[in-house]
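Q:
Numbering (the working numbering), first residue to last: 3 to 96.
(1) Excluding the 5 residues preceding and the 5 following residue 23 in the sequence, name in chain order all residues of the same chain whose CB lies nearer than 8 Å to its CB.
(2) Given this structure, state the Cα-to-Cα distance separating residue 18 from residue 48, to the nearest angstrom.
(3) At the level of alpha carbons, what is the spacing between residue 35 and residue 11?
(4) Would DSSP call residue 21 helix, strand or coil?
(5) Please tell me whether residue 41 and residue 6 are closer than 8 Å, where the distance is taken between their beta carbons.
In structure tokens form, the structure reads like this:
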């Protein structure tokens, strides 16, 4: 069973009750209960992040050979017949 830092949980609960809980009309018990849920959630999130980091570290990367791609296009491939004249249908800014 995971041990929790009770001092930190009580400190967080008191701080939350002092600044938020009273204004929302919550009792200290309700705030303490939500603080415990948050502490348990933080533990599971830390375990999940550690597991994901371990998977990322164990993943084997294979190098990929780079290929040069040549792109040859004519003017007519990019613009249609309406693109003639002064500025044509090309956007030139405002």
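Glycine is no exception: its CB is placed at the ideal position from the N, C-alpha and C atoms. Predicted model only: the values in this text are computed from it and were never measured.
A: Short version:
(1) 29, 30, 32, 33
(2) 22 Å
(3) 10 Å
(4) helix
(5) yes
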